[in-house]
Amino acid sequence: MSNKSIEQLYDDYLSYTKVSDHENCEKIQEIIESIDGYEDYHPYNDELDKITNKIVIDYFNYLIDYYGWHGDWTLNIVREGMLNFLKGRDLFDIDRLDIIIFGWEKHALGDTNPRSEIYEEIMGLTGGYR
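Position in the sequence shown (from 1) plus 604 gives the number in my numbering.
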């Protein structure tokens, strides 16, 4: 396995993640983490940028329902907050993996942790908590 490129190793990691093969995931993760500069490897960022308008609108509506209206929120700010949340994650972060593997549409943005962290990103972008 160690003769493979980081790209090949990460693709293998994703394959094992899809079938919940934790033992092989751990082995590959150790190999990837031993590669100098692995923290700078950001695969799938282009795909992750493709959040559909429907997903952004659904999340925007959730924010309004849950937190109330903030006049400085726009769909672009919400999209940027979602991307900042995701791109700030480690390669092996479960939210990042879920979105890479299953897509934004299938990812459980209903999960309290991602939703609250995305909210924090949005508040940071808008100057938040006045």
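Note that the Cβ used here is the ideal one computed from N, Cα and C, for glycine as well.
Put simply, the backbone Cα of Ile610 is about 44 Å away from that of Gly672. Counting along the chain, the unbroken alpha helix (DSSP H) around Arg683 starts and ends at Leu679 to Lys691.
Remark: three or more beta-carbon pairs, one from each stretch, lie closer than 8 Å, so the region 650-660 and the region 676-684 are flagged as touching. About 7 Å separates the Cβ atoms of Leu695 and Tyr645, confirming a contact at the 8 Å cut-off. Look at Lys631 here: in three-state DSSP terms it is helix. Judged by DSSP in its simplified three-state form, Ser619 adopts helix. Pairing Asp616 with Ile632 gives a Cβ-Cβ distance under 7 Å. Between the alpha carbons of Tyr648 and His626 lies a gap of roughly 22 Å.
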